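Quick note on numbering that gives the first Met the number 0: the sequence shown kicks off at 0 and runs consecutively.
Just so it is clear, CB atoms sit at the ideal spot from N, CA and C, and this is done for glycine as well.
Predicted, not measured: the structure shown is a model, and the values here were computed from it.
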Amino acid sequence: MKPLSRLIFGLMLSTAALVYAFGYAFAQSYPSKPITIITPYGVGGPNDLLSRIVGQNLTESWGQPVVVLNRGGGNTLIGTELAAKAPADGYTLFMGQPASMMIVPALYKYGSSKVLPYDTMKDFTPVAFVGIGPLLLGAHPSVPAKSVKELVALAKKTPGKLNYNSSGSGGTTHLSMEMLKNFAKVDIVHVPYKGGALQIIGIVSGEVDLGFVGIASALPHVKAGKFRALAISTSSRSAALPDLPTVAEGGVPGFGVDPWFGIVAPTGTPAEIVNKLSAEINKFLVDPKVTQQITRMGVDVIRKTPEGFREFTVQQTALWDKVVKASGAKVD
Numbered sequence: 000m001k002p003l004s005r006l007i008f009g010l011m012l013s014t015a016a017l018v019y020a021f022g023y024a025f026a027q028s029y030p031s032k033p034i035t036i037i038t039p040y041g042v043g044g045p046n047d048l049l050s051r052i053v054g055q056n057l058t059e060s061w062g063q064p065v066v067v068l069n070r071g072g073g074n075t076l077i078g079t080e081l082a083a084k085a086p087a088d089g090y091t092l093f094m095g096q097p098a099s100m101m102i103v104p105a106l107y108k109y110g111s112s113k114v115l116p117y118d119t120m121k122d123f124t125p126v127a128f129v130g131i132g133p134l135l136l137g138a139h140p141s142v143p144a145k146s147v148k149e150l151v152a153l154a155k156k157t158p159g160k161l162n163y164n165s166s167g168s169g170g171t172t173h174l175s176m177e178m179l180k181n182f183a184k185v186d187i188v189h190v191p192y193k194g195g196a197l198q199i200i201g202i203v204s205g206e207v208d209l210g211f212v213g214i215a216s217a218l219p220h221v222k223a224g225k226f227r228a229l230a231i232s233t234s235s236r237s238a239a240l241p242d243l244p245t246v247a248e249g250g251v252p253g254f255g256v257d258p259w260f261g262i263v264a265p266t267g268t269p270a271e272i273v274n275k276l277s278a279e280i281n282k283f284l285v286d287p288k289v290t291q292q293i294t295r296m297g298v299d300v301i302r303k304t305p306e307g308f309r310e311f312t313v314q315q316t317a318l319w320d321k322v323v324k325a326s327g328a329k330v331d
């Protein structure tokens with residue numbers, strides 16, 4: 000090797016060593032100030048509550064305050080943009096889920112002339128998966144269907160006669176049924192409601208026939224006999240209702256909606272910090288006290304590495320892109 004080449008090679012090695020040493024030292028001292036977890040929803044919903052559970056446990060582990068910042072509105076745009084444009088230093092995190100990370104971008108891609116001020120796949124890096132909150136496919140007891148198979152047969156026999164509601168146009172509860180309609184080739188009319196609380200009341204009261212609803216809000220009505228549970232939305236059965244089949248098992252092969260929750264950070268956050276956060280969150284996700292808190296919310300705790308989380312988001316982004324495009328849903 001020529002002297003000049005040796006010099007350049009030596010400088011490159013030295014630079015790499017300095018970068019590694021700086022990153023390692025930064026991670027060792029992290030966190031040295033309060034951390035903020037942004038949620039694009041108001042207080043009290045699952046995204047907010049999971050953010051608080053994660054924040055509380057990080058505070059207990061590291062002794063630094065973790066503040067949950069609720070920035071709802073704009074169909075999740077306000078909070079998501081705030082997080083996407085935050086400094087990539089590990090002190091601003093975001094509780095992601097399908098609506099903000101996948102569905103809204105697809106809605107703007109296919110159902111709006113406007114362009115989002117961020118790109119969730121490019122502007123965020125996965126940190127720690129938290130879990131999946133299954134949706135429950137159910138109907139008012141007056142609907143003559145006690146299984147997915149019977150529901151599909153009824154819908155095919157009476158096209159356009161059955162209706163379903165959602166917690167709002169363009170959300171997971173809306174697009175899950177659009178996905179089911181597409182897979183099963185049935186015609187069921189959409190009636191959008193404003194929020195999950197009104198949605199479940201609409202089914203229980205008989206105003207509408209059926210819908211996909213949050214499992215935690217539906218369970219009391221299932222036990223009271225006012226809401227007939229037909230299937231679970233997820234790819235595999237839920238720990239909350241292990242005897243209830245999935246929609247796919249019930250007769251719609253390939254169907255699977257996995258409403259996930261997970262912590263992400265702005266892209267560029269040092270890998271050492273991402274790994275430190277991931278390890279700490281995954282550690283307390285096996286604590287029975289923590290898992291009990293989360294499962295009571297109707298969320299199945301699932302742990303993933305940042306790499307596993309990234310693979311999952313790539314797959315789910317492709318899925319929701321197809322569902323939104325096929326549905327013809329527009330941005331409100």
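Secondary structure at residue 345, three-state DSSP: helix, strand or coil? Nothing can be reported for residue 345: it is not among the residues displayed for the chain, which extend from 0 to 331.
Q.
Using only the alpha-carbon positions, how far apart do residue 242 and residue 236 sit?
A. Against the sequence shown, residue 242 aligns to sequence position 243. Against the sequence shown, residue 236 aligns to sequence position 237. Answer to the nearest angstrom: the Cα atoms are 8 Å apart.
* Evaluate contact between the region 301 to 316 and the region 219 to 228, counting only Cβ atoms and requiring at least three cross-stretch pairs below 8 Å. => The region 301 to 316 and the region 219 to 228 do not touch, with fewer than 3 CB-CB distances between them shorter than 8 Å.
request  = Express the C-alpha separation of residue 89 and residue 312 in angstroms, rounding to a whole number.
outcome  = Taking the sequence shown and counting its residues from 1, one reaches residue 312 at position 313. Taking the sequence shown and counting its residues from 1, one reaches residue 89 at position 90. Inter-residue distance for residue 312 and residue 89 is about 20 Å (C-alpha atoms, whole angstroms).
Please classify residue 296: does DSSP put it in a helix, a strand, or coil?
-> Here residue 296 refers to the residue found at position 297 when the sequence shown is read from its first residue. Residue 296: coil per DSSP, three-state reduction.
Would you report the Cα separation of residue 248 and residue 27, rounded to the nearest angstrom? To locate residue 248, count along the sequence shown from 1; it is residue 249. To locate residue 27, count along the sequence shown from 1; it is residue 28. In this structure, the alpha-carbon of residue 248 lies about 48 Å from that of residue 27.
On the three-state DSSP scale, how would you describe residue 119? By 1-based counting over the sequence shown, the position of residue 119 is 120. Residue state for residue 119 is assigned as helix, using DSSP reduced to three classes.
Length of the line joining the Cα atoms of residue 61 and residue 30: The residue labelled residue 61 in the question sits at position 62 within the sequence shown. The residue labelled residue 30 in the question sits at position 31 within the sequence shown. Cα to Cα, the separation comes out at about 7 Å.
In whole angstroms, what separates the C-alpha of residue 21 from that of residue 283?
Along the sequence shown, read from residue 1 onward, the residue named residue 21 stands at position 22. Along the sequence shown, read from residue 1 onward, the residue named residue 283 stands at position 284. Note that residue 21 scores a pLDDT of 48, beneath 50, so its modelled location is shaky and nothing firm can be said.
Check your understanding: What first and last residue would you give for the alpha helix (DSSP H) that runs through residue 34?
Key -> By 1-based counting over the sequence shown, the position of residue 34 is 35. Run containing residue 34: none in the alpha helix (DSSP H); it sits in the beta strand (DSSP E), 34 to 38.
**Asked** Since residue 259 sits in a beta bridge, which residues does DSSP pair it with?
**Response** Indexing the sequence shown from 1 puts residue 259 at position 260. Residue 259 is bridged to 131.
How would you write the range of the alpha helix (DSSP H) that residue 46 sits in, first residue to last? One-based indexing of the sequence shown puts residue 46 at position 47. Here the alpha helix (DSSP H) through residue 46 covers 45 to 61.
Practice item. For residue 172, count neighbouring Cβ atoms within 10 angstroms of its own Cβ and tell me buried if that reaches 16, exposed if not. Key: As a working note, residue 172 is residue 173 in the sequence shown. Per the 10 Å Cβ criterion, buried.
ask   = Helix, strand or coil: how does DSSP classify residue 316 here?
value = In the sequence shown, residue 316 corresponds to position 317, counting from 1. If DSSP states are grouped into helix, strand and coil, residue 316 belongs with the helices.
- When DSSP builds the beta bridges, which residues end up paired with residue 65? Locating residue 65 in the sequence shown gives position 66, counting from the first residue. According to DSSP, residue 65 bridges with 34.
Residue interval of the beta strand (DSSP E) (run including residue 189):
The sequence position of residue 189 within the sequence shown is 190, counting from 1. Counting along the chain, the beta strand (DSSP E) containing residue 189 begins and ends at 188 to 191.
Worksheet item: Which one or two residues does DSSP pair with residue 212 in a beta bridge?
Response: For this step, residue 212 is matched to residue 213 along the sequence shown. Partner(s): 135.
Review point. Is the number of C-beta pairs between the region 49 to 64 and the region 75 to 89 that are closer than 8 Å three or more?
Key: No, because fewer than three Cβ pairs between the region 49 to 64 and the region 75 to 89 fall closer than 8 Å, the two stretches do not touch.
I need the straight-line Cα distance from residue 320 to residue 177, nearest angstrom please.
In the sequence shown, counting from the first residue as 1, residue 320 sits at position 321. In the sequence shown, counting from the first residue as 1, residue 177 sits at position 178. The alpha-carbon atoms of residue 320 and residue 177 are separated by roughly 13 Å.
Handout entry: Under 8 Å between C-beta atoms of residue 91 and residue 265
Key = Taking the first residue of the sequence shown as position 1, residue 91 is located at position 92. Taking the first residue of the sequence shown as position 1, residue 265 is located at position 266. Yes, they are a contact pair.
Query - Contact under 8 Å by Cβ, residue 163 with residue 126 - result: Stepping through the sequence shown from its first residue, residue 163 is reached at position 164. Stepping through the sequence shown from its first residue, residue 126 is reached at position 127. No, Cβ-Cβ distance for residue 163 and residue 126 is not below 8 Å.
Point to revise | CB of residue 228 within 8 Å of CB of residue 135, strictly | key: One-based indexing of the sequence shown puts residue 228 at position 229. One-based indexing of the sequence shown puts residue 135 at position 136. Contact: yes.
DSSP state of residue 91 mapped onto helix, strand, coil: Start at 1 with the first residue of the sequence shown, and residue 91 comes out as number 92. Strand, per DSSP.
Next on the checklist: Short of 7 Å in beta carbon distance, which residues of its chain neighbour residue 279, apart from the five on each side in sequence? Order them along the chain.
Outcome noted: Counting from one through the sequence shown, the residue named residue 279 turns up at place 280. 57 and 60.
May I have the straight-line CA-CA distance separating residue 294 from residue 52, to the nearest angstrom?
For the purposes of this step, residue 294 is identified with residue 295 of the sequence shown, where counting begins at 1. For the purposes of this step, residue 52 is identified with residue 53 of the sequence shown, where counting begins at 1. In this structure, the alpha-carbon of residue 294 lies about 12 Å from that of residue 52.
- Beta-carbon of residue 234 versus every beta-carbon of chain D: anything under 8 Å? In the displayed structure, chain D is absent; only one protein chain is listed.
- Query: Going by DSSP, what residues sit across from residue 107 in a beta bridge?
  - Reply: For the purposes of this step, residue 107 is taken as the residue at position 108 of the sequence shown. Residue 107 pairs with nothing; no bridge assigned.
(Q) Let's test the definition: count the other Cβ atoms within 10 Å of the Cβ of residue 141 and tell me whether it reaches 16, buried, or not, exposed. (A) The residue you call residue 141 lines up with position 142 of the sequence shown. By the 10 Å Cβ count, residue 141 comes out exposed.
Original post:
Would a C-beta distance cut-off of 8 Å place residue 349 and residue 167 closer than the cut-off?
Top reply: Shown here, the chain extends from 0 to 331; a query on residue 349 therefore has no answer.
| What separation, rounded to the nearest whole angstrom, lies between the Cα atoms of residue 327 and residue 85? | Position 328 of the sequence shown, counted from the start, is the residue given in the question as residue 327. Position 86 of the sequence shown, counted from the start, is the residue given in the question as residue 85. The C-alpha of residue 327 lies about 32 Å from the C-alpha of residue 85.
Original post:
Thinking just about the alpha-carbon of each residue, which of 40, 128, 211 and 185 is nearest to the one in residue 175?
Top reply: For this step, residue 175 is matched to residue 176 along the sequence shown. For the residues 40, 128, 211 and 185, the minimum Cα distance to residue 175 belongs to 211.
Quiz item: Using the rule of at least 16 other Cβ atoms within 10 Å of the residue's Cβ for burial, across every protein chain shown, is residue 287 buried or exposed?
Solution: Locating residue 287 in the sequence shown gives position 288, where the first residue counts as 1. Counting other Cβ atoms within 10 Å of its Cβ, residue 287 stays below 16 and is therefore classed as exposed.
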